[in-house]
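Just below is one structure, and these are the notes that go with it.
Number of protein chains: 2
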Amino acid sequence: MRVRTSADPAAGPTLAQIGENALVEMLTRGLPRDARVRVAAGDDCAVIGAPRDTRWQLLKTDAVIEGVHFLPDENPRRIGWKALCRAISDIAAMGGIPHYALITIAVGSGVKIARIRSLYAGLLRAADAFGVSIVGGETARSPGSLFLNIALTGSVERTRCVLRSGGRPGDVLLVTGRLGGSIKAKHLDFTPRLAEARWLVENFKPTAMMDLSDGLAADLPRLAAASRCGFTLDKERIPRTRGIAIERALTDGEDYELLIAVPANRLASLQAAWPQSFPRLPLTQIGSLNSQPSTLIPLRGFDHFT
Amino acid sequence: MRVRTSADPAAGPTLAQIGENALVEMLTRGLPRDARVRVAAGDDCAVIGAPRDTRWQLLKTDAVIEGVHFLPDENPRRIGWKALCRAISDIAAMGGIPHYALITIAVGSGVKIARIRSLYAGLLRAADAFGVSIVGGETARSPGSLFLNIALTGSVERTRCVLRSGGRPGDVLLVTGRLGGSIKAKHLDFTPRLAEARWLVENFKPTAMMDLSDGLAADLPRLAAASRCGFTLDKERIPRTRGIAIERALTDGEDYELLIAVPANRLASLQAAWPQSFPRLPLTQIGSLNSQPSTLIPLRGFDHFT
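Read top to bottom, the protein sequences are chains A and B. Numbering-wise, the first sequence is residues 39 to 344 according to the numbering used here. Numbering-wise, the second sequence is residues 39 to 344 according to the numbering used here.
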């Protein structure tokens, strides 16, 4: 099946009108794929492998753009760190470990070399911290903003791979850390929850998991919809960054925390074991999945185009 | 080893002053890598695999940018085709076959959906034509130009993998097709030499190979340097696009033809067999590698920043 093309590309709605969810859904519907594609669009990563392979491959691409994800005068080391850690966070959200990264940088020809070196220093610090090998770099000229794209591979044991779509009615929903207010600083310095996600898949096999990048109000409905479930959310319980109101905790985005679904009968042992391994990071029950997929959430998270 | 960062990012040379070759060399020198990285930066693709694996993995990332690689009013289908075919051409240049692609599109929020659909139609046509599965798409907002990044995986039998660095003194140099003048139209509609490259590695095992993207004058010295060889080039023999002068055939860039080194004793049988398989595509001997690595070429190819 092919994506149909309008005879007049000037016609029709704009991205701001349709929004990102609808766009991604439209573009990726019916893409031809080979038999080894387990998951394509719609999850944190693509998943490749034969049904009985012991390990599956994870593939992720992600970009940060000057004027959208960071300001022009931002420290380039922090931009490099953020760019690679965003992709690592998506590998973590599948229960996987990251392996190889390819970097595309597009910059104006007047950009100082020292700025690019500093960007790479941030990339390398993140690569070092999380066991990633940077195996290629493309440079291109940009007519305007600095553009930095990360392509990252990873892998996960087949039996430990966690999708967004595995949640079941009755599963308990939890989040790591505290939500909201990331724009102040955390969005440039966050730690992807790689160790926590690996610990979870090795010890408590979540039924569904994702990383929170667009805000709980946008991301939780995605996980629930992928799992064909509805959800209840206990707003009073949502762990908030100090000084952040509940609306912002729901919608600010760029939390890079984990949203996790586990069967209710594993909750008590998970809550007992977690603080032994991660004493400084809260793990909070915020709601549960149910069998009414039509649940609506009254607040919207971040949409990249509206 | 780390890339050192200047204390003052405003100091030092610009990209236009240092040029792309020096930049990529500087950024990728001394990157930490795991033991499965066979080739990182410096070839058409990164190559991953254990020394005795029967197949090695190939990884490539590449971007096309509005105002740099195409004009704002260009047909989006042709842009999509070109973007994916550029990456396929790099997989082909290693002797490999392409597998899975991830697409990053950054566009202004006012861009019409029909334009993005048309871009995807071009991507899908190329994916169909060369056996690629598109397994993920990220969308982001761009403050300016349309930016399209392709991350592509592939694989190659270990014994058939061809690097830039395997050329030896005495090897004959050949190119496919005709060079120069791509900007008129071909750069948007070219056919990556996937079938030709596979035929070559299956039947004549080149010692070195690459695809010509920045012009023979820039790319041949790269292949020779990677092989620690010098070269002689017979300018009279260089196959030129009709109406294109020799200088432009050397420097225009975006030819997306193959540059191939083969041992001299295989030349006669290669030249006899080629027209049987590819009657419409010339294969031309243009020179040879030698043992004087200091050879200088008088003309410069395309540098992305100067």
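C-beta atoms are modelled at their ideal positions from N, C-alpha and C, and glycine is treated no differently.
Inter-residue spacing [alpha-carbon to alpha-carbon] between residue i and residue j
i        : j        : result
A:Thr142 : A:Leu271 : 39 Å
A:Ser180 : A:Ile151 : 15 Å
B:Ala130 : A:Arg278 : 51 Å
B:His137 : A:Ala178 : 24 Å
A:Leu254 : A:Ala287 : 8 Å
A:Gly105 : A:Ser183 : 7 Å
B:Lys224 : B:Glu295 : 11 Å
B:Ile172 : A:Ala310 : 42 Å
A:Ser156 : A:Arg115 : 5 Å
A:Thr229 : B:Ala235 : 43 Å
B:Ile117 : B:Val149 : 15 Å
A:Arg74  : A:Ala159 : 36 Å
A:Leu319 : A:Trp312 : 9 Å
B:Asp91  : A:Leu161 : 29 Å
A:Pro89  : A:Leu122 : 29 Å
A:Leu308 : A:Pro317 : 13 Å
B:Ser147 : A:Thr52  : 7 Å
B:Leu258 : B:Gly291 : 12 Å
Nonlocal neighbours in the same chain, by C-beta distance under 6 Å from residue i, ignoring five residues either side
i        : result
B:Ser329 : Pro207
A:Arg198 : Gly133, Val239
B:Ser203 : Ala264, Ser265
B:Ser127 : Pro230, Asp249, Tyr294
B:Arg304 : Phe242
B:Gly205 : Thr245, Ala246, Ser265, Cys267, Ala299, Leu327
B:Val145 : Ser180, Leu184
B:Ala125 : Lys98, Asp100, Ile188, Leu190
A:Asp81  : Leu201, Arg202
Own chain partners of residue i with C-beta closer than 7 Å, once the 5 adjacent residues on each side are dropped
i        : result
B:Ile324 : Leu211, Leu212, Val213, Leu271, Asp272, Arg275, Ile276
A:Val200 : Met132, Gly133, Val239, Pro244, Ala246, Met247
B:Val77  : Ala84, Val85, Leu201
B:Gln101 : In the sequence under discussion, the amino acid at residue 101 of chain B is Ala, which differs from the Gln named in the question. These residues qualify, in order along the chain: Phe185, Leu186, Asn187.
A:Trp94  : Arg76, Val85, Ile86, Gly87, Ser193, Val194, Arg196, Cys199
Supposed contact pair residue j and residue i - C-beta distance, whole angstroms, cut 8 Å
i        : j        : result
B:Leu140 : B:Gly169 : No, B:Leu140 and B:Gly169 are not in contact; Cβ-Cβ is about 16 Å, not under 8 Å.
B:Leu321 : B:Asp209 : Not confirmed; about 15 Å, so no contact.
B:Gly215 : B:Asp166 : Not a contact, Cβ separation roughly 23 Å.
A:Thr99  : B:Ala189 : 5 Å
B:Phe108 : B:Leu261 : Rounded, the Cβ-Cβ distance is 27 Å, inconsistent with contact.
A:Arg71  : A:Trp119 : So it is not a contact: roughly 33 Å between Cβ atoms.
Residues that residue i contacts on chain B, provided the C-beta gap is smaller than 9 Å
i        : result
A:Asn328 : Correct list: empty, because the minimum Cβ distance to chain B is about 30 Å.
A:Ala302 : Per Cβ cutoff of 9 Å: no residues; A:Ala302 is ~32 Å from chain B at best.
For residue i, three-class secondary structure by DSSP
i        : result
A:Gly133 : coil
B:Tyr138 : strand
A:Gly268 : strand
A:Val85  : strand
B:Gly160 : helix
A:Gln95  : strand
B:Glu104 : strand
A:Arg216 : coil
B:Phe168 : helix
A:Gly118 : helix
A:Ile221 : helix
A:Asn113 : coil
B:Lys243 : coil
A:Leu319 : coil
B:Gly253 : coil
B:Gly175 : strand
B:Arg74  : coil
A:Arg278 : strand
B:Leu184 : coil
Check: residue i C-beta below 7 Å from any heavy atom of the ligand NAP
i       : result
A:Val85 : Only the bare structure without any ligand can be found here, which leaves the ligand NAP out of the picture.
Chain-ordered neighbours of residue i on chain B, where CB pairs are closer than 7 Å
i        : result
A:Glu176 : Thr99, Asp100, Ala101
A:Asp72  : Ser171
A:Ala78  : Val173, Gly174
Neighbour list for residue i in chain A, Cβ cutoff strictly below 7 Å
i        : result
B:Ala189 : Thr99, Leu140, Ala189
Sequence-distant residues of its chain with Cβ nearer than 8 Å to residue i (five each side left out)
i        : result
B:Asp111 : none
A:Ile135 : Ile129, Gly169, Gly192, Ser193, Val194, Leu232, Arg236
B:Gly281 : Gly219
B:Ala302 : Gly208, Asp209, Val210, Ser326
A:Pro331 : Ala262, Ala263, Arg266, Cys267, Gly268
Chain B contact residues for residue i, given Cβ-Cβ distances below 8 Å
i        : result
A:Phe168 : In chain order: nothing, as chain B lies at least about 12 Å away.
Partners in chain A for residue i, counting only beta-carbon separations shorter than 8 Å
i       : result
B:Thr61 : Strictly speaking, residue 61 of chain B in this sequence is Leu, with Thr absent from that position. Here the neighbours are Ile151, Ile154, Thr177.
B:Thr52 : Ser147, Gly148, Val149, Lys150, Ile151
B:Ala84 : Tyr138, Leu140, Val173, Gly174
Contact set between residue i and chain A, taken where Cβ atoms lie within less than 9 Å
i        : result
B:Gly182 : Gly105, Ser180, Pro181, Gly182, Ser183
Report the residues of the segment 117-147 of chain B with a CB closer than 7 Å to any CB of chain C, ordered along the chain. In the structure shown, chain C does not exist; the protein chains are A and B.
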